[in-house]
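Under mature numbering (1 follows the signal peptide of the UniProt record, and there is no 0), the letters of the sequence shown match residues -20 to -1, 1 to 99, in that order.
Beta carbons: idealized from backbone N, C-alpha and C, even for Gly.
Notes follow once the structure below has been shown.
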Amino acid sequence: MKAVFCSLLAAALLVGTGHALKCYTCSGATSNTECVEQTCSTGLDSYCRSTYASGYGVSAMSKICASSCTAGSDTVLGVTSKVTCCTTDLCNGAPSARTSYTLLSLAAGISALLVRAVL
């Protein structure tokens, strides 16, 4: 009996608890600041989906938790839409923020090389 209990306890410890994905969500937003963090449904939503649409001088975005997602872009009647998909927490944030981190890292690397060359 003790061996069975120990086996069940070990199995329970090895089974991970479900981790719910977190995405930014908004509808018809014109800025990322209008989007809020949302915890998606565990086991149902595996993607953070972002849809961007622009045309005729107007732009809007929609971000949601999604059970499926197909990335791509298309232009119909002068309106361009783009869908992006990702699978990590808060991965559908502002692209400009990710770009600025990349540029900051690049600048730091170049600065380090220049300092090393001078010294």
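Nearest to LYS62 by alpha-carbon distance, out of THR5, CYS45, LEU1, CYS49, is CYS49.
Inside the region 4 to 54, DSSP marks whole beta strand (DSSP E) runs of 3 or more residues at positions 16 to 19, 27 to 35, 38 to 46, from first to last along the chain. In the same chain as TYR32, and ignoring 5 residues on each side of it, the C-beta atoms closer than 6 Å to its own belong to MET41, LYS62, in chain order. Under the DSSP definition of a beta bridge, CYS71 lacks any partner.
The C-beta distance from CYS66 to CYS45 rounds to 11 Å, too long to meet the 8 Å contact threshold. Distance check between VAL59 and each of CYS6, GLY52, GLY37 places GLY37 closest, using alpha-carbon atoms only. Taking each of SER39, ASN72, GLY35, SER34 in turn and checking the Cα distance to GLN18, the smallest one comes out for ASN72. The beta carbon of VAL16 lies closer than 8 Å to those of TYR4, THR5, CYS6 in the same chain, with the five residues before and after it left out. Rounded to whole angstroms, the gap between the alpha carbons of THR55 and LEU99 is 53 Å.
Shown here for LYS43: same chain residues with a beta carbon closer than 6 Å to its own, the five before and five after excluded, namely TYR4, THR5, CYS6, CYS15, SER30, ASN72 in chain order. Across the structure, LEU24 and THR64 are spaced so that their CA atoms are roughly 18 Å apart.
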